[in-house]
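Structure, as structure tokens:
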Amino acid sequence: MPRPTSTRGSRTGWPNGSAATTDEARDHPRNDSPPGGAGHRPVLLQEVITGLRPAPGQSMVDATLGGGGYTLALLQRVRPGGSVLALDRDASAIARFPLERVPPDVRLRLVHANFADLGRVARELPGGADGIIFDLGMSSMQLDDPERGFSFQRDGPLDMRLDQSEPWTAADLLNREPASELRRILLSYGQERWGARIAERIVARRARQLFRTTKDLVDVVTGAIPRAAWPRDIHVATRTFQALRIAVNRELEALDAGLKAAIPLLARNGRLGVVTFHSLEDKIAKDLFNVEATDCVCPPHAPVCICGHRRSVRVMTRKPIRPSEAEIRANPRARSAKLRIAEKL
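Residues in the sequence shown are numbered from 810 upward in steps of one, following the working numbering.
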């Protein structure tokens, strides 16, 4: 469920003035690291802005506030008179956002919510959204904070929750799930070919001592995979950490729900952009775009159309947009990013 926001004197739910803060933003200390600054670089920012075409007076949605880089860029381009609705399931992203950088002639609404709830959160948008962006990457602040447990490079609690109000952590998952479920998670979400062996080692280890820290997990993974089989281009625990993070946060289910909610919210000729970072995310976006750009989705052997499906978008990126070599050099975390864009008919 989305957390409450403050609204001031607007019958549409938008504030009169530059910004409405959430209750979470007021109750947490501010972090002065500027979004888009040294601590965080929005990936494919110029390509996203070019693809979404934000213009003065328009309504835009940033479904993944994160470090705030996209939101700040959108606010600058919809002024005067425009608005941005920004969501994040991580309350710390809301708390960190620099409200003092919001121009006075635009409206901003920040909501602590999972983008799976986008349809409910954004239902009061007058006239629909002119553009919606999903950036599915982890923010630098999340990755670099050892207390969040997302990184195998720093020891910390084995947490991995994007929303800290959720009850189950990665440690809970490792300490309770049977080997068969752990194997499924590692194979399905991490594409880890050593998943069965890692799952067996996890079960054996927790019988002696429960998992508590990221180092506990790294030690098991490095011991389970033969040194000669370690990947050369990524850390040996990368796929395992990805798989557990996806499982803990139900990321793929949320993405499917969020994208399906986003398309009906778009105004005519409004655009939806999705920045993905691994093949599982990209397949969900690609498949949905292809289905929504097709009139009939009946099985090929059906003699006549019985589905009644009518296309609702046109795909603007037949091939995904990738970061330039210059961007990858400046921000190595951008190397796997792909941007897909669709336009509402």
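Even glycine gets a Cβ: it sits at the ideal position worked out from N, Cα and C.
- Query: Is it true that the segment 986–1001 meets the segment 1039–1055, where meeting means three or more beta-carbon pairs spaced less than 8 Å apart?
  - Reply: Counting Cβ pairs under 8 Å, three or more are found: they touch.
- Message: So, for Ile-882: in the same chain, excluding its five sequence neighbours on each side, which residues have a beta-carbon less than 7 Å away from its beta-carbon?
- Response: The amino acid occupying residue 882 in the given sequence is Ala; Ile does not appear at that position. Same-chain partners within the cutoff: Leu-854 and Ile-858.
- Message: Is the separation between the beta-carbon of Leu-1081 and that of Ala-1151 shorter than 9 Å?
- Response: With contacts defined by Cβ atoms closer than 9 Å, Leu-1081 and Ala-1151 form a contacting pair.
- Cβ pair Arg-862, Gly-940 closer than 9 Å: Yes, they are a contact pair.
- Message: For Asp-897, which residues in the same chain have their Cβ closer than 7 Å to its Cβ, ignoring the five residues on either side in sequence?
- Response: Here the set comprises Thr-873, Leu-874, Gly-875, Ile-903 and His-921.
- Excluding the five sequence neighbours on either side, which residues of its own chain have a C-beta within less than 8 Å of the C-beta of Gly-845, listed in chain order? For Gly-845, the pLDDT reaches just 42, beneath the cut-off of 50, and the residue's location in the model is therefore unreliable, although a value from the coordinates is still provided. Take Gly-845, set aside five residues on each side of it, and the residues of its chain with a beta-carbon closer than 8 Å to its own are Pro-851, Leu-854, Gly-876, Gly-877, Gly-878, Leu-881 and Ala-882, in chain order.
- Own chain partners of Ala-1135 with C-beta closer than 7 Å, once the 5 adjacent residues on each side are dropped: Within the same chain, no Cβ atom closer than 7 Å to the Cβ of Ala-1135 is found once the five residues on either side in sequence are excluded.
- Which runs of the beta strand (DSSP E) spanning at least 3 residues fall entirely within the segment 841–908, listed in chain order? Runs of the beta strand (DSSP E) spanning 3 or more residues and lying entirely within the segment 841–908 occur at 868–871 and 892–897, in chain order.
- Item | Exposure label - Glu-1062; buried when at least 16 CB within 10 Å | It is exposed - the Cβ of Glu-1062 has fewer than 16 other Cβ atoms within 10 Å.
- In the DSSP assignment, find the beta strand (DSSP E) that holds Ile-1150 and state where it starts and stops. Start and end: 1147–1153.
- Which residues does DSSP pair with Leu-1089 in a beta bridge? Leu-1089 is not bridged to any residue.
- Query: Is it buried or exposed for Arg-916, if we count other Cβ within 10 angstroms and need 16 for buried?
  - Reply: Its Cβ being crowded by 16 or more others within 10 Å, Arg-916 is buried.
- Query: Thinking just about the alpha-carbon of each residue, which of Ala-980, Thr-1031 and Gln-1018 is nearest to the one in Arg-1006?
  - Reply: Of Ala-980, Thr-1031 and Gln-1018, the residue nearest in Cα terms is Thr-1031.
- Item | Length of the line joining the Cα atoms of Asp-944 and Gly-936 | When rounded, the distance between both Cα atoms is 24 Å.
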